[in-house]
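Quick note: the sequence shown uses the working numbering, first residue 20, plus one each step.
Report on the following structure.
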Amino acid sequence: MFNKILIANRGEIACRVAATCRRLGVKSVAVYSDADANAKHVAGCDEAVHIGEAAAAQSYLRYERIIDAARATGAQAIHPGYGFLSENEDFARACEAAGIVFIGPPVDAIAAMGSKAAAKALMHAAAVPLVPGYHGDDQDPTLLQREADAMGYPVLLKASAGGGGKGMRVVERSEDFAAALASCKREAASSFGNDRVLIEKYLSRPRHVEVQVFADKHGGAVYLFDRDCSVQRRHQKVLEEAPAPGLEDGVRRAMGEAAVAAARAVNYEGAGTVEFIMTGTDFYFMEMNTRLQVEHPVTEMITGLDLVEWQLRVAAGEPLPLGQSQLSITGHALEARIYAENPARGFLPSTGTLKHLRMPQGVEFRLGHAGQRASVRIDSGVREGDTITPFYDPMIAKLIVHGATREDALARMKRALEACEVVGPHTNVEFLQRLVICEPFASADLDTGLIERNHDALFSPQQKPVREALALACAALLGREGGAEHGASPWHALSHWRLNSGFAQTLSWRDVESDTAFTVAHTHDGGDETLAYAGHEARYTWWCGEGKDEYGATIGDKRVRGRVFIDGDVFHVFCLGTAMAFEWQNLLAHAADAEHGEGRLTAPMPGKVIAVLVEPGAVVEKGAPLIVMEAMKMEHTIGAPAAGKVTEVLYGVGDQVADGAQLLVLEAA
Ligand code: MV4
């Protein structure tokens, strides 16, 4: 085994690899860009080397710098993670030339799988099932048309050098073939610098099922079963699971063996994924990914194995830790990718600081201890306070759950998604919540068109528990203002006049997402409080919870609990499985802010003075109520913008005041 390795990546995968290094006693070296000097992956490694500017092309893709960093720190091997340099033949070759082990397959295996047409020829020779089609060298348009006509429409044109769905054309009719071919070749030439295409019979509504394989340097090769990754959006995986639901044992074994045959055909070593598309029980080779994949945790959860440990052992020349007959599936695992992106805007990446970040109770990574399989696992490369920048993939975390059955895992996933709290960038959490409860996903009726077909259910606006969330926002505001201890109403903590019956106060809020205004009237009458909003009125009590940011309320006879994260005037409420944000319309503070320098306090709107709570000479704390006004049948309390001494009171009870009129003079302390 290695003493020290360098991790040529960032984010959650760099943290993931570092976790295994710690567990195995292998020292780890991080590399980082200007943007990542304080990143979690740097903190998770034993050493770190700065490699350049924020843009990946100036840092994580500069492989000569990365190799220099490995040499300088004495790292014996480099783990490339996924993305960046993980499938770059030149990098693998440069590692070899520098005498550093590339933790991945041999250069020739990467190259063999790089061209789709060449890979298909190899797979055909190895008896791996292929979609009926043409992947020959002869690219004569007349010949291609004849091949397409012979296989029958619809057909799919694919750029041979393409991947991930780029450069594909569905052709429905023979008459359309020539034009589609020309357009596909143009796109292939401009995107991949190579206009070679292949033709396949087009399969409608296929599933994406992939097989995890592992091979060592001693001729050993096994499959670690399958994953279904059909739930995708524009070729980006959204949910993944293992094992693929509904595969009969015979089909599972046949696919696993076909995947091992594919790996053997290219003299594979290390971790790889063989992708298939499936219709019914038929499966066809698509491509092979010569790296560890984002979704590898679901395989770890069902096998109880640490795939990064296997990668390190194999790269160090050890044989595979287990043979095929020693491998088995336990239970079911699901993974959801939590992204900083805005589903309402076409999933545009959303950047910004993670002001508040809470993930469900789970473990970061714990495997390899018999019987200690976690049921919830979070793989994340960010912490609260970190910033999602435009430079890299905006993934916040992977949420992975395990259960005895798919149903158990799904129930855990729903709860775990409800416990995710993110303030800062937009996220796809609510989209994921809708996805996991939609009927086809719940019943494992999976195919690559699932999201598109269920567009209405997945994207229409949801009913939100506005009243409950508002009650908690009010509780947080009153709790903060009143400084109330647990269980005490802030009304009692505030000045005596509030105990007079019939008193009312209004709190104005704006729902940030819908930009709707809500006014909540609190009436305090001999011990009872009433919450009224939008024509509803209910008896209301509230309390501060035991934990930080926790609040509770009863509204009528309904009890609600939740958490409120306060960001300036914006109250982020997490309750009943959803998130809402309300901006407190602190008219009074803002009115006072503008005047603060002059020590004046003015009326925020025209109205009538209904209570004067201080006399000249009174020394008041910041926030102390000074005057109560009534306007538009609501009462508004004007509070002290800062601690100080009241020197003049300019109006009395019953007086009408104009908008902006000075009410009293406060001398700041
Ligand atoms: C196909 C197909 C239907 N028929 N091939 C898309 C990405 C590339 N890896 C293979 N892809 C497809 N190939 C034939 N002959 C449908 C897709 C496809 C797809 C495959 C896997 C996951 C998501 C997909 C979404 C759209 C289309």
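Idealized CB from N, CA, C, for every residue including glycine.
Quick caveat, the model's predicted, so the values are computed rather than measured.
- The region 274–291 makes contact with the region 120–127: 3 or more CB pairs, one atom from each, lie closer than 8 Å.
- Distances from the CB of Ile86 to the heavy atoms of the ligand MV4 are all 7 Å or more.
- Counting only runs of at least 3 residues, the region 422–507 fully encloses the following beta strand (DSSP E) elements, listed from N- to C-terminal order: 440–442.
- Here Lys59 carries a helix assignment [DSSP, helix/strand/coil].
- In this structure, the ligand MV4 has a non-hydrogen atom nearer than 7 Å to the beta-carbon of Met305.
- Relative to Asp412, the option among Gly443, Thr560, Glu83, Gln255 whose CA is nearest is Gln255.
- Proximity of the region 206–219 to the region 169–185 meets the contact definition, three or more beta-carbon pairs being nearer than 8 Å.
- Taken from the Cβ of Gln251, at least one heavy atom of the ligand MV4 lies inside 7 Å.
- Taken in chain order, the whole beta strand (DSSP E) runs of length 3 or more contained in the region 279–320 are 289–298, 301–308.
- Counting only runs of at least 3 residues, the region 98–181 fully encloses the following beta strand (DSSP E) elements, listed from N- to C-terminal order: 174–178.
- For the set Ile129, His98, Tyr303, the Cα lying nearest the Cα of Ala278 is the one of Tyr303.
- Remark: the C-beta of His254 is in contact range of the ligand MV4, defined as less than 7 Å to any heavy atom.
- A heavy atom of the ligand MV4 is found nearer than 7 Å to the CB of Val150.
- Here Pro623 carries a coil assignment [DSSP, helix/strand/coil].
- The region 310–324 makes contact with the region 350–357: 3 or more CB pairs, one atom from each, lie closer than 8 Å.
- Here Phe295 really is in contact with Glu229; their C-beta atoms are around 7 Å apart, less than 8 Å.
- Secondary structure note for Cys40: it is in no beta strand (DSSP E), and the uninterrupted alpha helix (DSSP H) holding it is 30–43.
- Leaving aside the five residues that flank Tyr79 on each side, the residues in its chain whose CB is nearer than 6 Å to its CB run, in chain order, Phe103.
- A straight-line Cα-Cα distance of about 11 Å links Val313 and Arg35.
- Relative to the ligand MV4, the beta carbon of Ile296 is positioned inside 7 Å of a heavy atom.
- Ranking Phe366, Pro368, Val395 by CA distance to the CA of Gln380 puts Val395 first.
- The residue among Leu326, Gly299, Met297 with its C-alpha nearest the C-alpha of Leu311 is Leu326.
- Distance from the C-beta of Met187 to the nearest heavy atom of the ligand MV4 is below 7 Å.
- Secondary structure within the region 189–257: the alpha helix (DSSP H) runs of 4 or more consecutive residues, fully enclosed, are 196–211 (chain order).
- For Leu496, the CB stays at least 7 Å from every heavy atom of the ligand MV4.
- Taking C-alpha positions only, Asn605 is separated from Tyr559 by approximately 22 Å.
- Pairwise C-beta distances place the region 78–92 in contact with the region 20–39, as three or more of them are shorter than 8 Å.
- Here Ala662 carries a coil assignment [DSSP, helix/strand/coil].
- Annotation: Leu346 is outside any beta strand (DSSP E) and is labelled neither H nor E by DSSP.
- The Cβ atoms of Pro484 and Cys594 lie closer than 8 Å to each other.
- A straight-line Cα-Cα distance of about 11 Å links Ile407 and Gly400.
- Inter-segment contact for the region 632–643 and the region 574–586 is absent: fewer than three beta-carbon pairs are separated by less than 8 Å.
- If you look at Gln95, you'll find it isn't in any beta strand (DSSP E); DSSP assigns it neither H nor E.
- In the structure shown, Leu331 adopts helical secondary structure according to DSSP, grouped into three states.
- Under the DSSP assignment, Phe601 falls in the beta strand (DSSP E) whose first and last residues are 597–603.
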